[in-house]
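Just so you know, we're using the working numbering here: the sequence shown kicks off at 1 and counts up by one. For every residue, glycine included, the Cβ atom is placed at its ideal position computed from N, Cα and C. Worksheet: the structure to be examined is printed underneath.
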Amino acid sequence: MKLMIVTDTAEKIKSMEIRGAGRIARAAAEALRDHALSVQAPHTAAFRQEMERAAAILVATRPTAVSLPNAVHLVMNGIGQAGTVDEARSGVTRRAEQFIQSSQHAVEKIAEFGARHIRDGDKILTHCNSEVALACIIEAHRSGKEIEVFATEVRPRNQGLITIQTLNDAGIKTNFIVDSAVRSFIHDIDLVVVGADAVTVNGAVVNKIGTSQVAHTAVEARVNVLVAAETYKFAPKTVVGDLITIEERPSSEVLPDEIAKTLPHVRVRNPAFDVTPAEFIDLIITEQGVIPPQMAYIIIREYLGWDIAEFH
Ligand code: RUB
1 MKLMIVTDTA
11 EKIKSMEIRG
21 AGRIARAAAE
31 ALRDHALSVQ
41 APHTAAFRQE
51 MERAAAILVA
61 TRPTAVSLPN
71 AVHLVMNGIG
81 QAGTVDEARS
91 GVTRRAEQFI
101 QSSQHAVEKI
111 AEFGARHIRD
121 GDKILTHCNS
131 EVALACIIEA
141 HRSGKEIEVF
151 ATEVRPRNQG
161 LITIQTLNDA
171 GIKTNFIVDS
181 AVRSFIHDID
191 LVVVGADAVT
201 VNGAVVNKIG
211 TSQVAHTAVE
221 ARVNVLVAAE
231 TYKFAPKTVV
241 GDLITIEERP
251 SSEVLPDEIA
261 KTLPHVRVRN
271 PAFDVTPAEF
281 IDLIITEQGV
291 IPPQMAYIII
301 REYLGWDIAE
311 FH
């Protein structure tokens with residue numbers, strides 16, 4: 001059966017043409033929807049099997065952003081107890097559409113809530129390229145607050161370039177700094193706003209490598225740290241002790257292979273994400289409201305709709 005739509009999206013996620021936890025989740029939902037529309041199956045069991053194959057390909061692309069398995073899980077639940085292939089198909093497409101819409105709505109809600117925590121005159125530091133973190137900053141600017149942003153470069157993939165492009169397009173005064181300059185500028189900063197790939201039950205936030213250094217530096221300087229994260233970035237399985245896998249990407253992203261091969265005693269390490277403990281975070285802004293990180297369990301229980309029985 002044709003898996004083209006799915007493998008194409010999977011390739012784009014792997015190569016980071018599609019990146020950022022929210023966008024990855026929406027792209028996976030779209031791919032499952034389109035795949036469901038094209039699958040020819042003689043009965044629901046065959047349809048389910050084919051969809052599960054597609055879901056597994058998507059989930060295997062990048063291991064850290066929990067939004068991906070959460071979105072796939074929500075969409076796949078659309079098959080439910082469908083009696084016919086058509087029912088199963090429309091269950092999947094409906095769930096996918098719902099997810100995409102609710103994700104877009106969540107970004108808008110978070111922008112609204114997050115902007116309230118940004119004051120007129122604030123200098124804000126952001127790291128990496130987070131759609132929701134930027135939405136908060138842009139909403140604060142749109143509502144008339146005079147703000148200035150410090151954006152990091154984000155080695156090795158330079159997501160900071162996308163960030164400064166977006167901020168520039170929004171007409172926001174922005175300073176572009178290398179990652180290692182954060183501590184040099186922290187005393188100019190009033191607030192750190194970042195996104196998340198995953199939030200664990202104990203309120204730790206997994207985000208782009210370097211986020212924990214940024215947060216640590218902010219805490220030392222008594223600068224508040226806000227994390228913007230839709231509820232589908234909370235990780236249900238951390239309730240039963242699962243750890244978030246930190247993706248380690250190819251060393252060639254950090255050091256070209258031609259140079260690396262001349263240095264036989266050197267091993268290049270390239271973890272793409274790190275873990276910021278709850279103690280370094282002041283608030284997590286979700287579309288359901290603003291919470292201290294220690295309340296992460298409530299989000300998982302109330303809003304994610306995971307049945308605890310599914311963990312076993
Ligand atoms: C992206 C990253 C972002 C989060 C949140 O990493 O760490 O901060 O995914 O982004 P990568 P968003 O570039 O490796 O995917 O708010 O857009 O979901």
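In this structure, 154 is the residue among 176, 154 and 233 with its C-alpha nearest to the C-alpha of residue 211. A residue is called buried once 16 or more other Cβ atoms fall within 10 Å of its Cβ, and residue 287 is buried on that count. Annotation note: the stretch 134 to 159 contains the following uninterrupted beta strand (DSSP E) runs of length 3 or greater, listed N- to C-terminal: 148 to 152.
Excluding sequence positions up to five before and after residue 130, its CB lies within less than 7 Å of the CB of 20, 194, 195 and 228, all in the same chain and listed in chain order. Each of 28, 87, 17 and 22 was checked against the Cα of residue 44, and the nearest Cα belongs to 87. Distances between the C-beta of residue 14 and the heavy atoms of ligand 1 are all 7 Å or more.
The beta-carbon separation of residue 73 and residue 214, rounded to 31 Å, does not stay under the 8 Å limit for a contact.
Residue 170 and residue 27 have their alpha carbons spaced roughly 25 Å apart. Taking one beta carbon from each stretch, the stretch 95 to 102 and the stretch 270 to 278 have fewer than 3 pairs nearer than 8 Å; the two do not touch. Put simply, the stretch 176 to 189 does not touch the stretch 232 to 244. Fewer than three CB pairs are less than 8 Å apart. Relative to ligand 1, residue 179 has its C-beta separated by 7 Å or more from all heavy atoms. Short note on residue 272: C-beta closer than 7 Å to some heavy atom of ligand 1.
The stretch 249 to 267 makes no contact with the stretch 37 to 57; the number of CB pairs closer than 8 Å stays below 3.
When beta bridges are read from the DSSP output, residue 175 appears opposite 150. Residue burial is scored here from C-beta neighbours: residue 152 has at least 16 other C-beta atoms within 10 angstroms and is therefore classed as buried.
Here residue 259 is exposed, its C-beta having fewer than 16 other C-beta atoms within 10 Å. Taking C-beta separations shorter than 7 Å and ignoring five residues to either side along the sequence, the partners of residue 292 in its chain run 283, following chain order.
In the displayed model, residue 123 falls within a strand according to three-state DSSP. When rounded, the separation of the alpha-carbon atoms in residue 182 and residue 209 is 14 Å. In the structure shown, residue 2 falls within a coil segment according to DSSP collapsed to helix, strand and coil.
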